[in-house]
Every structure is written in C-alpha cells, then in structure tokens.
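Visitor: Going down the list, the sequences are from chains V and B.
Each number in the numbering used here comes from the position in the first sequence (counting from 1) with 33 added on.
Each number in the numbering used here comes from the position in the second sequence (counting from 1) with 162 added on.
Backbone N, C-alpha and C fix where the C-beta goes; we use that ideal spot for every residue, glycine too.
Structure in structure tokens, see below.
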Amino acid sequence: MNLYTYASPANFYRLAGKLIPWFAWGAGILTVWGLYISFFMAPTDFQQGEAYRIIFIHVPAAWMSMFIYMVMAFWGAIGLAFNTRLSFMMARALAPTGAMFTFVALWTGALWGKPMWGAWWVWDARLTSELILLFLYIGIIALWAAIDDIRRGDRAGSLLTLIGAINVPIIYFSVKWWNTLHQGSTINLMKAPSMAKIMLLGMLVLAIAAWFYTIAVALVRVRRVILERERQTEWVKAILEKEN
Amino acid sequence: MEWASWSDFWNMGGYGLYIWGSYGVTVAGVLIEVILLKRASAETRRSLKRMQQWEEQ
C-alpha cells in the first residue's frame, strides 16, 4: 500500500468514511470552545464596543471563502493536467461549502458595516471582489449542473474555476491596492497581529473549526459523488447490498 | 466576563440585532447545508439501490 492507493475512488470512499466522524466531532468541539472564548472571555473592544464580536465569524468565513476556492482551483488544475477522476470529484464537493462561507462573509460584513460605517453595503474593492467570488461559485456550480456529460462538465467547471482564481489575490490585496472603506488585515504573516491575544485565539479556534467542518461536509459530498459515478462497479454494488 | 445578566448578554451593548443577526444566519447556513446534504446522500443511495434491484430482476 502506498499513497496512490487512495487515488482510487473505492479506497478513498472507505478512508473518507472513517475520517468524517473525527472531523465532524472536531468541528463541533472547536466551535463550542471558540464561541465560549468569543462571548465569555474576550473583552469589550474599546473602539467598537460589542459590535466587534462579529469578527469571530466574519474573518474565518472570509478566509474559508478564499481558501476553499484555491483548493478547488488546485484540484481542478490537477484534474485537468493528469486527468485524475477523484480530483474533479473533490473540486465539485467543495464548491457548495465555499459558496455558503462566501455568503456568510458578505452577510456578517453587512451587519458589521451598518453600525460601524453607517452603510450595509458600499461598492469598494474588497466588498465588490468578494461579491464576484460568490457569483463565481454560483456560476461554477450552475455550469456543473448544466452539463450532463460528466467528463466535459468536470473540465469546463475546472477551467472556469482556474480563470476565476485571479479574483482571489485581488480580494486579498484589495485593502492594500485601493483606498477602501474596509479595514486592513488584522493578521499579517509579516508583522505581529494588531489585536488582543484572547480575541485572536477565539478567531483562530473558530477558523480551525470552519476547516474541520469544511473537510467533514466535503468528504460526505465526495462519497456521494463517488457512489453515483461508480455505480456500475462491483464494489459499489457490494456496499449497497450490505446496507440493505 | 462582560455580562451582568442574560438580558445584558442578549442586548450586546445595543448591538444585539447585528451580532445575533450575524450568528443566526451563520448557524442557519450551516444547518441548511448539513440537512440538504443528508437528504441528497440518502436520495442517492435510495435511487442506486432501486436501480440495482431493477437490474437484478
């Protein structure tokens, strides 16, 4: 057995089945811990009062919206380059969760913007590029749904994902490149974070929880895609019979 | 801890609507995704089993 063993859908199906409960429980426990920090340990912000507590979901959701897109683009590129079936299935399994987190990032941003800026929405670079990301997710999902031929659909959707990937660095650097109403990044790899340690901890714990959640739901979804696509094989028939 | 009482907690220093509107929609988003996914997975298994039984006959 080696690493390539799991490139086979049959083996990956079993592996995913074993991993799902761990990630699901991990996500649950981390969420409870993260929310406890966010509401009962983190102090009131001296500038924004309690309104800043939206940061604990806004920032992890915004991170996930970009990370998931990049992971999708990665799997799409691998699939296009090596024609590996499982890569395309992974890309498809991630898209709905990415769209969900993008929506949450926009929604929580609007509810934070209203009390802080006095506006639910402004057409500045950060907000607009994040909205484009939501449209990209929806467009890719719709494209996949519209093409019945699985191989063609996989390729078309992944190509669109790769072209749209140019938007992710634009979102990330938008607060630097343009004068935006949106504040700059609180966390930067190059310098010390500009927020209290306990606030940072709450945000990071919820970000890891979001990762665990994403992995768990993506694995459930990829298992479903595998079953559908491999339905003619003996191993899928054996699995379905066992469940009867 | 910043809260003297539960009503203090729900009020969130006057920002309750914005905070709970954010957390509520996030929870709803996650729940909707999980429920839809569970339903779709069950439906896939059901239809595959039906097809399988049909082929066997």
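Run through the region 125-200 of chain V for me and flag every whole alpha helix (DSSP H) of 4 or more residues, listed as ranges in chain order.
Guide: Counting only runs of 4 or more, we get 158-179 and 183-197.
Visitor: By the three-class DSSP mapping on this structure, what secondary structure does V:G82 have?
Guide: If DSSP states are grouped into helix, strand and coil, V:G82 belongs with the strands.
Visitor: Can you check whether the C-beta of V:W140 is within less than 9 Å of a C-beta belonging to chain B?
Guide: Taking Cβ atoms only, chain B reaches closer than 9 Å to V:W140, which makes this a yes.
Visitor: What residue range is occupied by the uninterrupted alpha helix (DSSP H) comprising V:I260?
Guide: The sequence as given places Leu at residue 260 of chain V; Ile does not occur at that position. Here the alpha helix (DSSP H) through V:L260 covers K230 to R262.
Visitor: Does DSSP put V:G217 in a helix, a strand or coil?
Guide: Coil at V:G217, not helix or strand.
Visitor: Out of curiosity, what's the CA-to-CA distance linking V:M34 and V:T266?
Guide: Per-residue confidence for V:M34 stands at a pLDDT of 48, beneath the threshold of 50, marking its modelled position as unreliable; the derived number appears in the next sentence. C-alpha separation (whole angstroms): 21 Å.
Visitor: Short check: CB of V:I101 to CB of V:L144, under 9 Å?
Guide: No, the Cβ-Cβ distance between V:I101 and V:L144 is not below 9 Å.
Visitor: From this set, V:T64, V:F79 and V:P93, which residue's C-alpha is nearest V:A229's C-alpha?
Guide: Looking at the Cα atoms, V:F79 is the closest of the given residues.
Visitor: Apart from the five residues just before and just after V:F134, which ones in its own chain have a Cβ nearer than 6 Å to its Cβ?
Guide: Excluding sequence neighbours, V:F134 sits near A94, M97 and S98.
Visitor: Between which two residues does the alpha helix (DSSP H) holding V:I101 run?
Guide: Residues I88 to F115.
Visitor: For V:S41, which three-state DSSP category applies?
Guide: DSSP places V:S41 in coil when its eight states are reduced to three.
Visitor: Given V:A126, which residues of its chain have a CB within under 7 Å of its CB, disregarding the five upstream and five downstream residues?
Guide: Excluding sequence neighbours, V:A126 sits near A251, R254, V255 and V258.
Visitor: Show which residues of chain B have a CB atom less than 8 Å away from the CB atom of V:V250.
Guide: Chain B residues near V:V250: E195, V196 and L199.
Visitor: Less than 9 Å between the beta carbons of V:L195 and V:A106, yes or no?
Guide: Yes; because the gap between Cβ atoms is below 9 Å, this pair is in contact.
Visitor: Within a Cβ cutoff of 6 Å, which residues of the same chain sit near V:F56, ignoring the five residues on either side of it in sequence?
Guide: Excluding sequence neighbours, V:F56 sits near F245, I248 and A249.
Visitor: Mark V:L160 as exposed unless 16 or more other C-beta atoms lie within 10 angstroms of its C-beta, in which case mark it buried.
Guide: Buried: at least 16 other Cβ atoms inside 10 Å.
Visitor: Does the region 201-214 of chain V come into contact with the region 151-160 of chain V, if we say contact requires no fewer than three beta-carbon pairs (one atom in each stretch) closer than 8 Å?
Guide: Yes: at least three Cβ pairs fall under 8 Å.
Visitor: In whole angstroms, give me the CA-to-CA distance for B:Q214 and V:A114.
Guide: The alpha-carbon atoms of B:Q214 and V:A114 are separated by roughly 34 Å.
Visitor: Show which residues of chain B have a CB atom less than 9 Å away from the CB atom of V:A84.
Guide: Ordered by position in chain B, the residues that pass the 9 Å Cβ test against V:A84 are M174, G175, G176, Y177, Y180 and I181.
Visitor: Could you give the DSSP three-state label for B:A204: helix, strand or coil?
Guide: Here B:A204 sits in helix by DSSP.
Visitor: Check each candidate in V:W140, V:G67 and V:L48 and name the one with the smallest Cα separation from B:G186.
Guide: Nearest option by C-alpha distance: V:W140.
Visitor: Between B:G178 and V:A124, what straight-line distance do the alpha-carbon atoms span, to the nearest angstrom?
Guide: So the alpha carbons of these two residues sit roughly 37 Å apart.
Visitor: What separation, rounded to the nearest whole angstrom, lies between the Cα atoms of V:W108 and B:S209?
Guide: Distance between the alpha carbons of V:W108 and B:S209 is about 28 Å.
Visitor: Please decide whether B:Q214 counts as near chain V, where near means a Cβ-Cβ distance under 9 Å.
Guide: It does: the Cβ of B:Q214 has a partner Cβ on chain V nearer than 9 Å.
Visitor: Comparing alpha-carbon positions, which option in V:L273, V:A240 and V:G190 lies nearest V:V65?
Guide: Checking every option, the nearest Cα to that of V:V65 belongs to V:A240.
Visitor: V:N298 to V:F121, Cα distance in whole Å?
Guide: Since the first and last residues shown for chain V are 34 and 277, residue 298 of chain V lies out of range.
Visitor: When you compare each of B:W216, B:K211, B:R201 and B:E218 to V:L273 by their alpha carbons, which one comes out closest?
Guide: Comparing Cα positions, the closest option is B:K211.
Visitor: Counting only C-beta atoms, is V:I90 closer than 9 Å to chain B at any point?
Guide: It does: the Cβ of V:I90 has a partner Cβ on chain B nearer than 9 Å.
Visitor: Taking DSSP as the reference, what is the three-state secondary structure of B:Q214?
Guide: It is helical.
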